[in-house]
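Chains as they are written, first to last, in my numbering: chain A, 304 to 668; chain B, 2 to 100.
Just so it is clear, CB atoms sit at the ideal spot from N, CA and C, and this is done for glycine as well.
Note that this is a predicted model, so its numbers are computed, not measured.
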């Protein structure tokens, strides 16, 4: 057997899982895609987020809070090991409401979030006057915001870079430009065929984003994947004006302002659309009017990896013991949990009952 | 360090660079004018504060960002000089009040 574990996919999910596995196993390999692969890991917003997540699915609310609580230690260790500044901050985060209906809906959702976590998720609703004290540049049109001190943000590209440095230091074998064509279990080990070459391992972990549906079929798992495009843009650098990341606007550690986002059903198309970008920009300007005069330097689209209910999938193959799948759209927030508890679960050392809630059987009732 | 080709120097305009009045050829970019006026650097980067000079002179490298007529973060190589223009070094990131 060449390897203890083969992780298929080297984005934020695959590299975080491999980083965790490399602490338990000597021989871990990543088979990654190529430059033409869809890469959610290189196009996302960088939030380490709790508020609003899992408001209609209690296990996910608890899961995100757990991940968020693991992040400070995860970030410190990864940063120390690799010397990379992740620009991780946990000052709390906000979501702006631009009318009363949004405010009421936000309040309702976050009350559920708090209930699902037994009150461990903590938040407050800031009315316009309270918000003005924190953000004097805010538009009068903003009714208020929800705020949770448990939210944070990170530079997502630095995170991906640091994870790759981390796995490299742990001697994980990283193989780029791969296309897996076959996978089978023979005599107690998996044989993965990629670019015509065989790789053998005791365990395989599918972390291939949109590719997990096709790969899952090879090892007896039905993993439903839904694609959703989000568009983002980024401005020139300006001096810090926003200490808190928000779902609509985030100022990065180096001063640029990320503005998002959209939720579009356009299939496997990660391009941009000026009509949508205009709407996104108008919303940002309706929150911070001065942004109308700040120049944009780039805009891009990226494809989210969604599931039918939007919540992650953690699944062991029943038919092929030793095969696992990890599918989620929240590779940044969940990186801390993937590098820790999820890697331990794959290694048979973590039996958190929450894992049973994230199986694919919830889609096949 | 830089010399103008004589034909180009025929028409000139008066501009102010870092508070100092200069006469420069009328048909050149602000980046070229900054070099001609002998600025040691046209900006200090927002991330490390290091001084930079124009590099590509064609709008792609963003290393010539300057404050032109009070507007921060302008690519000086993409703006032609004009009479009475005010040109200043861009020191770090722009303040949002400047927009």
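Do the CB positions of residue 462 (chain A) and residue 345 (chain A) come within less than 8 Å of each other? no
Taking residue 48 (chain B) as the query, report the chain A residues whose CB atoms sit under 7 Å from its CB, ordered along the chain. 557
Determine, using beta carbons only, whether residue 336 (chain A) and residue 94 (chain B) come nearer to each other than 8 Å. no
Chain B beta carbons: is any one of them nearer than 8 Å to that of residue 472 (chain A)? no
Continuous beta strand (DSSP E) stretch holding residue 397 (chain A): start and end: 396-400
With a threshold of 16 other CB atoms inside 10 Å of the CB of residue 564 (chain A), please say whether the residue is buried or exposed. buried
Since residue 361 (chain A) and residue 661 (chain A) should fall inside the 8 Å C-beta cutoff, what is the C-beta to C-beta distance between them, to a whole number of angstroms? At roughly 12 Å, the Cβ-Cβ gap does not stay under 8 Å, so residue 361 (chain A) and residue 661 (chain A) are not in contact.
How far does the alpha helix (DSSP H) with residue 317 (chain A) in it extend, from its first residue to its last? 315-324
Residues bridged to residue 628 (chain A) (per DSSP): A:509, A:618
Option in A:514, A:376, A:538, A:472 with minimal Cα separation from residue 555 (chain A): A:538
Nearest-angstrom beta carbon gap, residue 395 (chain A) and residue 454 (chain A) [assumed within contact, 8 Å]: 6 Å
With a threshold of 7 Å, establish whether the CB of residue 95 (chain B) neighbours any heavy atom of the ligand SAM. Annotation note on the ligand SAM: not contained in the displayed structure, which lists no ligands.
Backbone CA spacing between residue 531 (chain A) and residue 515 (chain A) [nearest angstrom]: 15 Å
From B:33, B:70, B:55, pick the residue whose C-alpha is nearest to that of residue 6 (chain B); which is it? B:33
Less than 8 Å separating the beta-carbons of residue 495 (chain A) and residue 608 (chain A)? no
May I ask you to list the residues that DSSP assigns as paired with residue 92 (chain B)? B:45
Run through the stretch 501-581 of chain A for me and flag every whole beta strand (DSSP E) of 3 or more residues, listed as ranges in chain order. 529-538, 552-554, 560-563
Does any C-beta atom of chain A lie closer than 8 Å to the C-beta of residue 89 (chain B)? no
For chain B, check one thing: does any of its Cβ atoms lie closer than 8 Å to the Cβ of residue 351 (chain A)? no
At the level of alpha carbons, what is the spacing between residue 91 (chain B) and residue 66 (chain B)? 6 Å
Name, in chain order, the residues that DSSP records as bridge partners for residue 66 (chain B). B:76
What is the rounded straight-line gap between the Cα of residue 448 (chain A) and the Cα of residue 83 (chain B)? 46 Å
Kindly say whether residue 95 (chain B), judged by its beta-carbon, lies nearer than 8 Å to any beta-carbon of chain A. yes
Check each residue of the stretch 522-544 of chain A: if its Cβ is closer than 9 Å to any Cβ of chain B, include it; give the result in chain order. 539, 540, 541, 542, 543, 544
Can you grab the Cα-Cα spacing for the pair residue 625 (chain A) / residue 506 (chain A), in whole Å? 5 Å
Starting from residue 308 (chain A), trace the beta strand (DSSP E) both ways and give me its first and last residue. 306-311
Of the choices A:312, A:627, A:371, whose alpha-carbon is the least far from that of residue 523 (chain A)? A:627
Is residue 351 (chain A) near residue 456 (chain A), with beta carbons less than 8 Å apart? yes
Using a Cβ-Cβ cutoff of less than 8 Å, which residues in the same chain neighbour residue 78 (chain B) once the five nearest sequence positions on both sides are dropped? 30, 31, 32, 33, 55, 57, 58, 59, 60, 65
Starting from residue 100 (chain B), find everything on chain A with Cβ-Cβ shorter than 7 Å and list it in chain order. 593, 596, 597
Per-residue DSSP class, three states only, for residue 456 (chain A): strand
Residues that residue 28 (chain B) contacts on chain A, provided the C-beta gap is smaller than 8 Å: In chain order: nothing, as chain A lies at least about 26 Å away.
Measure how close the beta-carbons of residue 541 (chain A) and residue 560 (chain A) come, nearest whole angstrom, since I'm counting them as under 8 Å. 7 Å
Measure the alpha-carbon distance for residue 604 (chain A) versus residue 533 (chain A) and round it to whole angstroms. 6 Å
Please identify, using Cβ separations under 8 Å, the residues of the stretch 425-446 of chain A that lie next to chain B, in order along the chain. 440
Using DSSP with H/G/I as helix, E/B as strand and the rest coil, what is residue 374 (chain A)? helix
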